[in-house]
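*Asks:* All residue numbers for the sequence shown refer to this note's numbering, where the first residue is 257 and numbers rise by one. Beta carbons are placed, not taken as given, at the ideal position from N, Cα and C, and that holds for glycine. Remember, predicted model here, so these are calculated numbers, not experimental data.
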Amino acid sequence: MSLPQRTTIDAAIDDSRHKAAAGIDGARTVSRIGRRLMWYLIALYVVSVLDRGNLSFASFSMNKELGLTPQMYSIGLGILFLGYSLFEVPSNLALARFGARITLTRIAILFGLVTMSMAFVTGPISFYTVRALLGIAEAGLTPGVFLYLSYWIPENYRARYNAIFTYSVPAAYVLASLVSGAILQLNGTFGLSGWKWLFLLEGLPAVMLGVFGIFYLTDRPNQAKWLSRDEKAWLANELEVSRLNKSPAEELNTLAALRQPTLWVLILGYVGIFCGNATVGAWLPQILHIYGVPLTHIGVVAAIPPLAGMVGMTMLSRRSDRRKERIGHTVACTVIAAIGYGTVAMSSSLSTALIGFMLANIGVYASLAIFWSIPQTYLPQRIRPAVIAVISSFGAIVGGWVAPLLIGRVQQQTHSLSAGMIVVAVLFLLSSICVCIAGRRLATQANKGTQ
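As structure tokens, this is what we get:
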């Protein structure tokens with residue numbers, strides 16, 4: 257199958273783009289785009305992770321007050337991702353059709369309001385219901401942002417900007433660790449428990465960001481008043497080059513792409529990565545408490561692993577960009593995460609557990625950042641919205657729903673999280689194999705398409 261033939265008009269347009277883009281500093285243009293967009297996307301994702309992850313800090317008093325067992329708590333963790341996955345694809349298709357300004361801001365306002373409503377749950381049923389609604393409200397945020405970045409960031413810069421965005425995950429856990437403990441001290445103020453204040457105060461920023469984003473975000477580069485005409489021409493040319501360098505899969509429609517076995521192997525690879533992302537922060541405060549860390553110090557100690565994750569993710573994603581290699585780096589990061597979880601499972605001291613969590617954080621966040629460069633690089637733009645959403649959905653429903661349930665069941669039956677950590681380590685090893693197989697096949701197809 258050959259790539260679509262370029263017309264005389266296409267050639268004339270490209271020639272005018274090349275002339276207009278001559279002399280443009282590409283790195284400076286991309287940096288300008290990054291400064292404009294990334295702070296908002298990071299802030300948005302920070303509050304989303306904060307609104308998901310604050311449950312681990314609220315659980316110290318909330319579980320007892322609501323009568324939640326470890327298994328019930330695990331169901332609450334996982335049911336969020338069930339709602340999240342069911343609405344992932346429609347949300348991402350809405351972004352492709354209506355634009356980021358409407359879609360991302362709608363997501364932010366809704367999940368902020370739902371987070372605040374967590375303060376009013378009264379038992380297991382209302383707990384499950386609001387957590388499911390939170391997943392529905394937040395559906396499409398992660399793949400939507402990666403899709404949005406693919407409209408703005410040329411291929412050679414994507415891994416580092418994916419990593420910059422992914423900073424928001426460990427940054428949110430650092431922020432949650434430092435802020436949530438302080439908010440819990442409001443316990444009893446105006447007759448509200450500390451965990452209720454946690455949800456009320458940490459849900460409000462999302463609503464504010466959503467309203468602000470309506471006036472701030474720009475859907476596409478050609479609509480950006482803050483870019484010059486020549487900068488727009490350079491960016492359009494770079495994005496077009498990336499599009500034309502795709503594999504013969506360019507002519508596939510979305511349904512045909514989803515019938516490709518290679519894509520489903522890649523999806524299986526993402527399941528393990530998402531499993532790690534769903535568990536790396538959810539159980540850390542409780543594990544630290546098991547090792548005797550006082551509640552007043554847990555916030556500070558819990559900030560150490562995500563800080564290590566930020567540093568490791570930066571180094572590995574930049575290395576991936578310099579070498580223009582995605583697959584091997586993703587595989588290496590999943591192996592690092594597996595080693596980290598295995599270390600936590602086998603640890604017998606706080607220091608060893610912290611080392612394990614640091615390795616796990618590095619592997620989880622770096623693999624998450626670099627992994628998304630694979631579909632962004634090798635999938636044609638026309639099918640990218642739906643396929644990226646499908647990858648994210650299956651990762652959420654299997655990695656985010658099954659893993660917490662499994663760990664909760666293991667904890668309740670064995671009174672230990674070690675077996676659950678081993679399960680996550682094995683999933684990461686399986687992910688490394690799947691990403692290696694699928695990634696190599698996609699790369700081979702892309703190379704054939706450019707020959």
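1) Closer than 8 angstroms, CB to CB, is residue 441 near chain D or not?
2) With 16 as the cutoff for other CB atoms within 10 Å, does residue 263 come out buried or exposed?
3) Check residue 603 in the structure and name its three-state DSSP category.
4) Within this structure, are the beta carbons of residue 431 and residue 304 separated by less than 8 angstroms?
5) DSSP three-state call for residue 396: helix, strand or coil?
6) Which residue from 418, 541, 635 and 399 puts its Cα closest to that of residue 566?
7) Taking C-alpha atoms, which residue in 423, 482 and 452 lies nearest to residue 316?
8) Identify which residue in 657, 466 and 563 has its Cα closest to the Cα of residue 527.
9) Can you tell me the Cβ-Cβ gap for residue 289 and residue 409, rounded? I've got them flagged as a contact below 8 angstroms.
10) Determine the burial state of residue 376: buried for a count of at least 16 other Cβ atoms within 10 Å of its Cβ, exposed for fewer.
11) Rounded to whole angstroms, what's the CA-CA distance from residue 473 to residue 489? Just pull it up for me.
12) With DSSP run on the structure shown, which of helix, strand or coil describes residue 320?
13) When burial is assigned at 16 or more other CB atoms within 10 Å of the CB, is residue 585 buried or exposed?
14) Tell me the rounded alpha-carbon separation between residue 483 and residue 300.
15) Considering only the alpha carbon of each residue, which of 373, 420 and 329 lies closest to residue 295?
16) Report back the beta-carbon spacing between residue 330 and residue 664 to the nearest angstrom; my notes put them in contact at under 8 angstroms.
17) Do you know offhand how far residue 660's Cα is from residue 653's?
18) Could you tell me the distance, in whole angstroms, from the CA atom of residue 647 to the CA atom of residue 522?
19) For a test of the three-state rule: what should DSSP assign to residue 288, helix, strand or coil?
20) In this structure, does DSSP put residue 425 in helix, strand or coil?
21) With DSSP collapsed to three states, give me the class of residue 452.
22) If the criterion is Cβ atoms closer than 8 angstroms, does the pair residue 310 and residue 645 meet it?
23) Distance check for residue 424 and residue 495, CA to CA, integer angstroms please.
24) May I have the straight-line CA-CA distance separating residue 555 from residue 537, to the nearest angstrom?
25) Go ahead and label residue 629 buried or exposed: buried means 16 or more other beta carbons lie within 10 angstroms of its beta carbon, across all protein chains shown.
*Replies:* Quick look at the numbers:
1) As a matter of chain content, chain D is missing from the structure shown, which is built from one protein chain.
2) Unreliable positioning characterises residue 263 in this predicted model, as indicated by a pLDDT of 46, which lies under 50. The coordinate reading is nonetheless provided below. Residue 263 should be labelled exposed.
3) DSSP places residue 603 in the coil class of the three-state scheme, outside both helix and strand.
4) No.
5) Three-state DSSP puts residue 396 in coil, outside helix and strand.
6) Of 418, 541, 635 and 399, the residue nearest in Cα terms is 418.
7) Across the set 423, 482 and 452, the C-alpha of 452 shows the shortest separation from the C-alpha of residue 316.
8) Measuring from the Cα of residue 527, the nearest candidate turns out to be 657.
9) Between the beta-carbon of residue 289 and that of residue 409 there is about 7 angstroms, and that keeps the pair under the 8 angstroms contact cut.
10) Exposed, because fewer than 16 other Cβ atoms sit within 10 Å of the Cβ of residue 376.
11) The straight-line gap from Cα to Cα measures roughly 20 angstroms.
12) Annotated three-state conformation of residue 320 is helix, per DSSP.
13) So residue 585 counts as buried.
14) Each residue's Cα considered, the two are about 23 angstroms apart.
15) Nearest in C-alpha terms to residue 295, of all of 373, 420 and 329, is 420.
16) In this structure residue 330 is in contact with residue 664, their Cβ atoms being roughly 2 angstroms apart against a cut-off of 8 angstroms.
17) Going from the Cα of residue 660 to the Cα of residue 653 covers about 11 angstroms.
18) Taking the straight line joining both Cα atoms gives about 8 angstroms.
19) DSSP, read as helix, strand or coil, puts residue 288 in helix.
20) It is helical.
21) Three-state result, residue 452: helix.
22) Against a cut-off of 8 angstroms, the Cβ pair of residue 645 and residue 310 comes out as no contact.
23) Their Cα atoms are separated by approximately 26 angstroms.
24) Taking the straight line from one Cα to the other gives about 12 angstroms.
25) Residue 629 should be labelled buried.
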